[in-house]
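Residue numbers (this note's numbering): 64 to 366.
Encoded as structure tokens, the structure appears first; notes follow it.
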Amino acid sequence: MTRIIEARNLRKVFGDFTAVDGISFDVRQGECFGLLGPNGAGKTTTIRMLYGYSPATGGTLNAFGGPLAENLRSVKMRMGICQQEDNLDPDLSVEQNLLVFARYFNLPVEAAQKEAHSLLRFFALEGRSATSIRELSGGMKRRLVIARSLINRPDLLILDEPTTGLDPQSRHQVWQRLEELKARGLTILLTSHYMEEAARLCDRLLIMDQGNILVEGPPAQLVMNHVGREVIEVNAPSEAMRTFLQDKGVLFEEVAQRLLIYNAGDGELFIHLSRDFTRAGCTLRQATLEDVFLRLTGRELRE
Ligand SMILES: Nc1ncnc2c1ncn2[C@@H]1O[C@H](COP(=O)(O)OP(=O)(O)OP(=O)(O)O)[C@@H](O)[C@H]1O
Ligand SMILES: [Mg+2]
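Spelled out as structure tokens, the structure:
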């Protein structure tokens with residue numbers, strides 16, 4: 064199994080604040096790997112170290128089989144980076160943004176133009192070549208930033224929140240494109256706050272918080288291990304129900320006026336609760352990655 068990225072004990076300290084606290088993970092060739100975590104968890108800081116934007120305070124970092132720091136120039140030629148902020152040049156047109164970017168990679172003009180056209184088509188931006196960045200919608204800008212990160216035909220695509228702020232249509236379109244790229248063999252590393260996105264795209268992911276890794280694994284396995292197959296949700300639970308659950312030793316979590324029971328089992332408990340305690344507002348649903356995320360990182364607001 065070829066490892067594209069090998070991070071060992073990776074640390075980043077700003078003054079006396081530790082943003083990334085000695086994390087280790089691998090990104091394997093051909094997979095989509097996700098970094099998840101609440102605001103301020105250290106995802107962007109981690110990613111910035113991976114592409115040499117900000118040097119690590121400690122630990123070792125290999126990319127494409129060699130130490131990153133020693134091969135930064137050649138490694139960057141093989142990476143496509145899509146940063147969290149849309150950093151397009153507002154004074155240039157859509158196509159010019161791609162062509163100027165292609166110059167960093169010494170692409171011959173003709174090849175760059177050809178690549179730009181094909182990327183614009185791929186991201187449904189054909190016919191927008193001459194449009195000014197200022198006239199683009201948020202979704203178009205995001206698609207253009209992703210297109211731009213592919214201009215050098217990278218072997219590793221790094222995406223920091225690729226679909227934040229997009230409407231569902233644009234988000235699904237981006238997902239489809241990323242799936243096509245993955246099918247062509249591209250290795251992808253992404254961060255996301257959308258659990259549905261991470262569950263759909265990522266082969267493996269890690270959830271981090273306060274600079275540390277909490278869990279790592281394939282999304283479906285994380286769901287099975289941490290919340291089970293199904294979850295029971297109860298709206299406005301009665302005291303009698305709470306007492307019943309406590310007596311039975313069933314673990315539950317209280318969220319505002321709701322009660323969540325993970326590892327809900329074979330449905331017997333659900334039938335019992337909905338029949339004997341509450342007719343309305345008791346639902347049995349499939350457990351999701353969002354359940355895992357909230358269970359592990361808590362429900363308090365960050366930052
Ligand atoms: N240049 C910096 N100087 C000081 N502190 C920083 C710097 N960059 C990041 N931090 C701090 O490091 C922590 C991690 O930030 P980071 O941007 O990596 O989080 P994140 O997981 O990407 O969050 P978000 O989901 O909001 O993008 C935050 O507390 C942030 O304030
Ligand atoms: Mg970030």
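Think of the CB as a built atom: it goes at the ideal place given N, C-alpha and C, for glycine as much as any other residue.
In the DSSP assignment, D89 falls within the unbroken beta strand (DSSP E) covering 80-91.
Residue V294 holds the alpha-carbon nearest to the alpha-carbon of L322 among S195, V294, R338, H335. For T250, the enclosing beta strand (DSSP E) covers residues 250-255. Beyond the five residues adjoining it in sequence on each side, C265 comes within less than 7 Å, by CB distance, of C95, F96, G97, P282 in the same chain, given in chain order. Out of E158, Y116, E331, the CA that lies nearest to the CA of M203 is found in E158. Ligand 1 has a heavy atom closer than 7 Å to the beta-carbon of N102.
Closest in C-alpha terms to N275, from the list A179, T109, G201, comes T109. Taking non-hydrogen atoms of ligand 1 into account, the C-beta of F77 is found less than 7 Å away from one of them. When secondary structure is reduced to three states using DSSP, V237 falls in the helix class. The three-state secondary structure of M64, taken from DSSP, is coil. In terms of Cα proximity to H180, the closest of L347, T306, N160, R136 is N160. Within the same chain, and ignoring the five residues on either side of F356 in sequence, the residues whose Cβ sits closer than 7 Å to its Cβ are L99, M258, I270. Sequence-distant partners of S212 (beyond 5 residues in either direction) whose C-beta falls short of 7 Å from its own C-beta, in its chain, are G143, I144, C145, L220. A343 counts as exposed, since fewer than 16 other C-beta atoms from the protein chains shown sit within 10 angstroms of its C-beta.
Nearest in C-alpha terms to A174, of all of I214, D154, P101, L207, is I214. When the beta-carbon positions are compared, I196 and D230 stay at least 8 Å from each other.
For V208, the enclosing alpha helix (DSSP H) stretches over residues 201-211. Beta-bridge pairing by DSSP links N298 to R321. Ligand 1 has a heavy atom closer than 7 Å to the beta-carbon of G105. Checking the DSSP bridge columns, you'll see L170 has no partner listed. Less than 8 Å divides the Cβ of C345 from the Cβ of L336.
Taken in chain order, the whole alpha helix (DSSP H) runs of length 4 or more contained in the region 129-185 are 135-140, 157-167, 172-185.
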